[in-house]
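*Asks:*
Protein chains: 2
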Amino acid sequence: MTSEAERDERHRARMARQKAVVDAKIASAAVERGVVVVNTGNGKGKSTAGFGMVARALGHGMRVGVVQFIKGSSTTGEEAFFRRFPEVEYHVMGEGFTWETQDRARDTAAAQAAWAVAGGMLRNPGIALVLLDELNIALKLGYVAVDDVLAALRARPAAQHVVITGRGAPDALIDYADTVTDMHLVKHAFQAGIRAQQGVEL
Amino acid sequence: MTSEAERDERHRARMARQKAVVDAKIASAAVERGVVVVNTGNGKGKSTAGFGMVARALGHGMRVGVVQFIKGSSTTGEEAFFRRFPEVEYHVMGEGFTWETQDRARDTAAAQAAWAVAGGMLRNPGIALVLLDELNIALKLGYVAVDDVLAALRARPAAQHVVITGRGAPDALIDYADTVTDMHLVKHAFQAGIRAQQGVEL
Chain L
2 MTSEAERDER
12 HRARMARQKA
22 VVDAKIASAA
32 VERGVVVVNT
42 GNGKGKSTAG
52 FGMVARALGH
62 GMRVGVVQFI
72 KGSSTTGEEA
82 FFRRFPEVEY
92 HVMGEGFTWE
102 TQDRARDTAA
112 AQAAWAVAGG
122 MLRNPGIALV
132 LLDELNIALK
142 LGYVAVDDVL
152 AALRARPAAQ
162 HVVITGRGAP
172 DALIDYADTV
182 TDMHLVKHAF
192 QAGIRAQQGV
202 EL
Chain F
2 MTSEAERDER
12 HRARMARQKA
22 VVDAKIASAA
32 VERGVVVVNT
42 GNGKGKSTAG
52 FGMVARALGH
62 GMRVGVVQFI
72 KGSSTTGEEA
82 FFRRFPEVEY
92 HVMGEGFTWE
102 TQDRARDTAA
112 AQAAWAVAGG
122 MLRNPGIALV
132 LLDELNIALK
142 LGYVAVDDVL
152 AALRARPAAQ
162 HVVITGRGAP
172 DALIDYADTV
182 TDMHLVKHAF
192 QAGIRAQQGV
202 EL
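Protein chains in written order, with the numbering used here: chain L, 2 to 203; chain F, 2 to 203.
This is the structure:
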């Protein structure tokens, strides 16, 4: 046997073992139900991955609900894009970032209004995926109560998926969620003086 | 002053300070150029965030190139969705996961063919965003050389953005990239026996 052939054979054997492990895991994962996904942490990609799931759901012909908490004042690429689709119900909270308004009472009222829209989606079995973008920020600031969110998640239609994004997800939400990713900042272009770019951040 | 009014005023003052910090950061980030974004780590959301950036770019009317390395054998929701758009050039590598093929020579040839398509996109100034999905896996397995990737990134059109996803991004790529996120698994529904779901993983 040549060394190259040996290397190929070792690769084949290693991959065959890996396939056995993967196949066994897939066979044992038998439960089908709606899942709650939380994207948190200080890095880029929390909302972006939420919108990637919206695209994925649309690829399967699902109906999707989106509520953007906090980020209401800027029109982003996602909003321009996903508003084109009749399968997407898209709601943006009326106010901007909380450091733009500097008004706690107004922010609370706006967040509660957005949460009321989200609550309607979480009771609607016709909506297969609900994206609650930056809800964690509203929870952290106390504009929406985590107990209200948990109650709505528990009572939602069994097949409905929910994605919740934003820094600082509360522990009770992390405990309840099925899939949680901590998106950790290794570095960001912004730190090197690069402006937020269309198609990347905007 | 009532306690509630004091609390509102403290909030306003804190947010005013935060706005000053944010505004100064935005003003100092003056460079405009294409950025390289790397999504790595063992958690969910690496590819999903890449596809979220594709949606964002389409919202701005940009042209996008997608090359899926490794994941070629399954038709996912993203592929079904983004193939609808004439602005998206979508290429899927011909073979499936490497533990499905168990054939290093065939995998290498397929990865090199996919890399050739990616190289064409990285020389095309008409493509504003290039998503190289799971390229990190092909780099890790040695199917594509990291030096070839770095040379192509350095020589690409100045305004072009590139997103590279997959576990185990090589250090040289992390060093070169502008924005890097380590998507860390906190937990995954799969671990609790929940099957991969349409609109979430598929």
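Cβ coordinates follow ideal geometry from the N, Cα and C atoms, glycine included.
Compute the Euclidean distance between the alpha carbons of L:G78 and F:A106, then round it to the nearest angstrom.
*Replies:* Rounded to the nearest angstrom, the two C-alpha atoms are 41 Å apart.
*Asks:* Is any beta-carbon of chain F found at less than 8 Å from that of L:N125?
*Replies:* Not an interface residue.
*Asks:* Below 7 Å on C-beta distance, what does L:H189 contact in chain F?
*Replies:* In chain order: T180.
*Asks:* Can you tell me the Cα-Cα spacing of F:Q19 and F:H189, whole angstroms?
*Replies:* Between F:Q19 and F:H189, the C-alpha separation is close to 34 Å.
*Asks:* On a CA-only basis, which of L:A197, L:A193, L:Q103 and L:I138 is nearest L:V39? Give me that one, please.
*Replies:* Comparing Cα-Cα distances from L:V39 to each of L:A197, L:A193, L:Q103 and L:I138, the minimum goes to L:I138.
*Asks:* Run through DSSP, which three-state label would F:I138 get?
*Replies:* Note: F:I138 maps to helix in three-state DSSP.
*Asks:* If we call anything under 8 Å between Cβ atoms a contact, is F:M94 one with F:I71?
*Replies:* Going by C-beta atoms, F:M94 is nearer than 8 Å to F:I71.
*Asks:* Beta carbons nearer than 9 Å to chain F: which residues of the stretch 31 to 45 of chain L have them?
*Replies:* Going along the stretch 31 to 45 of chain L in chain order, one finds A31, V32, E33, R34, G35, V36, V37, V38, V39, N40, T41, G42, G44 and K45 with a Cβ nearer than 9 Å to chain F.
*Asks:* Could you check if F:E5 is buried or exposed, using at least 16 other CB atoms within 10 Å of its CB as the buried criterion?
*Replies:* Exposed, by the Cβ-count rule.
*Asks:* DSSP has L:M184 in a bridge; who is on the other side?
*Replies:* L:M184 pairs with F:M184.
*Asks:* Evaluate F:E10 with the Cβ neighbour count: other Cβ atoms within 10 Å of its Cβ, from every protein chain shown; 16 or more gives buried, anything less gives exposed.
*Replies:* Burial call: exposed.
*Asks:* Please look up how many angstroms separate the CB atoms of F:L186 and F:N43, rounded, as I've assumed it's under 8 Å.
*Replies:* Correct: roughly 5 Å between the Cβ atoms.
*Asks:* Can you pull the chain C neighbours of F:S29, defined as C-beta to C-beta under 8 Å?
*Replies:* Looking for chain C here will not work: the only protein chains present are L and F.
*Asks:* Using a Cβ distance threshold of 8 Å, determine whether the stretch 146 to 162 of chain L contacts the stretch 152 to 168 of chain F, with at least three qualifying pairs required.
*Replies:* Not touching, per the Cβ criterion.
*Asks:* At the 8 Å Cβ level, is L:E79 part of the contact set with chain F, yes or no?
*Replies:* It does: the Cβ of L:E79 has a partner Cβ on chain F nearer than 8 Å.
*Asks:* Buried or exposed for L:V192, please, with buried defined as at least 16 other CB atoms from any protein chain shown within 10 angstroms of its CB.
*Replies:* Position check: residue 192 of chain L holds Gln in this sequence, whereas Val was assumed. By the 10 Å Cβ count, L:Q192 comes out exposed.
*Asks:* Here's the rule: buried if 16 or more other CB atoms are within 10 angstroms of the residue's CB, otherwise exposed. What is L:E33?
*Replies:* Under this definition L:E33 is an exposed residue.
*Asks:* How far does the alpha helix (DSSP H) with F:T166 in it reach, from first residue to last?
*Replies:* Unbroken run through F:T166 is the beta strand (DSSP E), H162 to T166; no alpha helix (DSSP H).
*Asks:* Once you ignore the five residues that flank F:H12 on each side, which residues in its own chain have a CB closer than 6 Å to its CB?
*Replies:* Cβ neighbours of F:H12 beyond the five flanking positions: none.
*Asks:* On the three-state DSSP scale, how would you describe F:Q69?
*Replies:* Three-state result, F:Q69: strand.
*Asks:* With 8 Å as the threshold, decide whether the Cβ of F:K20 is near any Cβ in chain L.
*Replies:* F:K20 counts as touching chain L.
*Asks:* For L:R64, which residues from the same chain have a beta carbon less than 7 Å from its beta carbon, with the 5 sequence-adjacent residues on both sides left out?
*Replies:* Correct list, in chain order: E88, G127, I128 and A129.
*Asks:* Can a CB atom of chain F be found closer than 8 Å to the CB of L:H92?
*Replies:* So, not an interface residue.
*Asks:* Looking at the unbroken alpha helix (DSSP H) that takes in L:T109, where does it start and where does it end?
*Replies:* Taken as a continuous stretch (DSSP letters only), the alpha helix (DSSP H) holding L:T109 covers R105 to L123.
*Asks:* What residue range does the beta strand (DSSP E) around F:Y91 cover?
*Replies:* Note, F:Y91: beta strand (DSSP E), V89 to V93.
*Asks:* Are any of the Cβ atoms in chain F nearer than 8 Å to that of L:V163?
*Replies:* Taking Cβ atoms only, chain F never reaches closer than 8 Å to L:V163, which makes this a no.
*Asks:* For chain F, is any of its Cβ atoms less than 8 Å away from the one on L:Q232?
*Replies:* There is no way to answer for residue 232 of chain L, as the model of chain L reaches only from 2 to 203.
*Asks:* Whole angstroms is fine: what's the gap from F:R57's alpha carbon to L:E7's?
*Replies:* Going from the Cα of F:R57 to the Cα of L:E7 covers about 46 Å.
*Asks:* With H, G and I counted as helix, E and B as strand and the rest as coil, what does DSSP make of L:L59?
*Replies:* Here L:L59 sits in helix by DSSP.
*Asks:* Can you look up L:I27 in the DSSP assignment and give me helix, strand or coil?
*Replies:* Three-state result, L:I27: helix.
*Asks:* Count the C-beta pairs between the stretch 169 to 187 of chain F and the stretch 145 to 156 of chain F that are closer than 8 Å, then say yes if the count reaches three, no if not.
*Replies:* Judged by Cβ distances under 8 Å, the stretch 169 to 187 of chain F makes contact with the stretch 145 to 156 of chain F, as three or more pairs qualify.
*Asks:* Buried or exposed for L:A153, please, with buried defined as at least 16 other CB atoms from any protein chain shown within 10 angstroms of its CB.
*Replies:* Looking at its Cβ environment, which holds 16 or more other Cβ atoms inside 10 Å, L:A153 is buried.
*Asks:* Within a Cβ cutoff of 8 Å, which residues of the same chain sit near L:R84, ignoring the five residues on either side of it in sequence?
*Replies:* Correct list, in chain order: Y91.
*Asks:* Do you know offhand how far L:E202's Cα is from F:A115's?
*Replies:* The alpha-carbon atoms of L:E202 and F:A115 are separated by roughly 27 Å.
*Asks:* Using a Cβ-Cβ cut-off of 8 Å, state whether F:V201 counts as contacting chain L.
*Replies:* For F:V201, the answer is yes, since a Cβ of chain L falls inside 8 Å of its Cβ.
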